[in-house]
Each structure stands twice: as C-alpha cells, then as structure tokens.
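Residue numbers for the first sequence follow this note's numbering, beginning at 674 and rising by one. All residues carry an ideal CB built from backbone N, CA and C; glycine is no exception. Since the model is a prediction, treat every value here as computed from it, not as a measurement.
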Amino acid sequence: MPELPEVETVVRYLRPRVTAARVAEVHVRRADLRYPVPVDAVLALQGCEITGVHRRAKYVLFDFTERTVLVHLGMSGRLFIEPSMGQPWEKHEHWRWHLDGPNGDGPHLLRYIDARRFGALDVFENEAETRHPLLERLGPEPLGPLWTPTVLLEACAGRTTAIKQLLMDGHIIVGVGNIYASETCFRAATHPLRPAGTLSAAECERLVAASRSVLQDAIDAGGSTLKDFVGGDAAPGYFQQQLDVYGRQGQRCHRCSGLVGHCSLGGRATYFCGGCQA
DNA sequence: AAATGAACCTGTTTGC
DNA sequence: TGCAAACAGGTTCATT
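Right, dumping it as structure tokens:
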C-alpha cells in the first residue's frame, strides 16, 4: 500500500491529532510483526507525552521527550485515530494506544492494523536515530536538497542493473516504490529496463526532476489509493487517477496514444510506453 | 561489490 | 460456481 506520498499523508494526518497527547495505555495484541515488537519498551511509554511526528523514508516516527517510536506500514498497514468508545479489536489489529488530550476533546484510540504483518514497530533513544539499523544506511530524501543529478549519476556508474530497480533501492534514494518508479521513468522518458550505467547526465537530471514531481504531485493529491489505503481524514487519495502508466497496460499512452506495455522486473510489475521511453 | 532470488504473511484477483 | 494459482503498494537477507 504505502509509498512515500502515502506515508507523508499519514504523518500529516496524525500530527495535529497526536502532538501534545499523552499515551494513557498501550496494548500489544501480536508482537510478531516483521520484527519482534519490543513490548516492554512500548509499555514503558504509558504516561508519556507525544511531542511530535515526523517521517524518514517510509518510516513514521513518533517523538517523545526521550525516545522515538518507529512505525512501518509494510505493504498492508493502516494507522488511524478514532474517538475511544470501547471498540472491539479488529481482525489483524496488532496494537493500539489510548490517547488523552491534547484538546480536551475526550480520549482517542490510535490503532495499527496490518494483515500481512510486513510492518514494524520499534523504540529507541532519540539521539540514536541516525544509528538505528533500519535508518542509518538510507539514501537521501527524494524531496530534499541531497537528491541531485550528480548523486544519481554517480550511483549509476558502472552498474548494469535496470534503472527502475536502482530507483527502488533505498540505499540510493528512499521513498520510490514500485508504482512511482514506473511513473518516474515515464515522466523522464527513460525506459525502466535501461542499464543504469548507460544513462547520461541529462537523463539523470530528468529522472531526479521526475521523481520529485511525481512524489510531490502524489502528496498534493493525498497519496494514491489502489485498494484500502485511506489517508487524511479518511479521504481517499486521488493520485491514482493521475497515473500515466502504472496498471495501464494495453491502454493508450497519455502522451503519444501508443499502447502502454508491461513486463516483470525483479519480480515486480513494471509499466512503460515503448513509444515515449527510450 | 553487485546481481539475483527467497523470505516474511494474508487477502484478493485471475484462470481453469 | 469452486478451487488453486498468481499476485499485491516493502524490505532484508542469503546465495551466487
């Protein structure tokens, strides 16, 4: 489900709802997510105040005074807040926090539901963020200043791997998942199967610009929704309606009216326009 | 080092 | 209609 725009949408949704709230109770129903949930450390957050929420790559990071809670949604995770009214546990709901405040509008429930359990939850000391095993080797943020054509060109040098796969490598650049990798290549007019090492500086420039615009447009649209993702105030994302190639095999290219093609690359569905992308 | 493929788990869609 | 296979938005790890 979630690529970077979806996670950013979730973070923006959560921020005003949890900042300055106090975690009254923590309940962990299943600790066997992608990695074991450190139950004692999460329980120790009871009584603590959430000071903010931020995002790194596709990780949601809840800030506390001394600690940070890392949450990943995996492929099927959902994270949302509701007024607390004694809701029964939903199928595949693995943990929940009871929140007090911040506005005196009654107790709320932060619920985490993840059918496939590819998601994660971890707790660490604030100052350890850059040393966390899941965070320390990540590439730059695609919307930040460190993601430049030069960085991409150097990452491509001498590599035979397809450019689409390289764009999905979190050590090179974070946040570009399977949907937006195809979309980025389309906007840059670069074929997704092109060996990375054959790209010119001009092509890298186009790819960096395309990755930024695709992700930014998706954030502006509230994230894309293929199935069950709901971001913001339960408003579905509308970026799916703006996809140029993803999932559109056999349909007309929005630019040249040729047929959109697809193939499997590294086991992932890949879409492109053979007429527009060289 | 870099490329490839398997692994984690469940729900939904596709094909016979 | 029923059932099994294929597939799904992510990431790490082991193997070549």
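Flag this pair as yes or no: are the beta carbons of residue i and residue j separated by less than 8 angstroms?
i	j	result
I846	G870	no
D893	E856	no
K731	G923	no
C877	P822	yes
L772	K837	no
A801	H765	no
L752	Y785	yes
So residue i and residue j are in contact, right, with Cβ under 8 angstroms, and what is the actual spacing, rounded?
i	j	result
Y853	A891	7 angstroms
A862	R879	7 angstroms
P678	V796	So it is not a contact: roughly 26 angstroms between Cβ atoms.
L932	R925	7 angstroms
R703	H767	4 angstroms
T682	G850	Not confirmed; about 14 angstroms, so no contact.
Please identify the residue among the options whose C-alpha is closest to the C-alpha of residue i.
i	options	result
E722	D705, A697, E763	A697
R790	H745, D773, G817, T741	H745
A830	L783, P868, Y708	P868
R688	R728, A714, R702	R728
G759	P780, P775, M748, R751	P780
E763	G750, N851, L772, R685	G750
A874	L866, R832, M841, V824	V824
P709	L743, Q719, G720, V680	L743
L718	V881, R769, V680	R769
C936	A828, Q915, L866, H927	L866
With a threshold of 8 angstroms on Cβ separation, who are the neighbours of residue i within its own chain once the five nearest residues in sequence on each side are excluded?
i	result
T724	T692, A693, D736, F737, T738
E798	E739, R740, T741
V726	V684, L687, R688, V691, T692, V733, L734, F735, D736
T833	P868, A869, G870
L716	V699, V701
H927	D917
L808	R729, A730, Y732, L743, E802
T818	Checking the sequence shown, residue 818 turns out to be Pro, not Thr. There are no such residues.
E814	R729, A730, W820, V847, G848
G934	Q922, Y944, F945, C946, G947
G720	R695, V696, A697
To which residues of the same chain is residue i closer than 7 angstroms at the C-beta, ignoring the five residues directly before and after it?
i	result
Q950	C858, F859, A862, T863, H864
L816	R885, L888, Q889
G774	A693, A694, R695
G843	A730, L811, G812
Y919	I852, S855, E856, Y944
V659	Summary: the structure shown does not reach residue 659, with the chain confined to residues 674 through 951, and so no result is reported for it.
A714	V796
Q915	D890, A894
Is it buried or exposed for residue i, if we count other Cβ within 10 angstroms and need 16 for buried?
i	result
R921	buried
T803	exposed
D778	exposed
I929	At residue 929 the sequence reads Cys, which differs from the Ile that was named. By the 10 Å Cβ count, C929 comes out exposed.
L826	buried
G947	exposed
A835	buried
A883	buried
P675	buried
S757	buried
M748	exposed
Report all residues from its chain with a CB closer than 6 angstroms to the CB of residue i; omit the five preceding and five following residues, and keep chain order.
i	result
L706	R790, G792, A793
E755	L782
L872	C829
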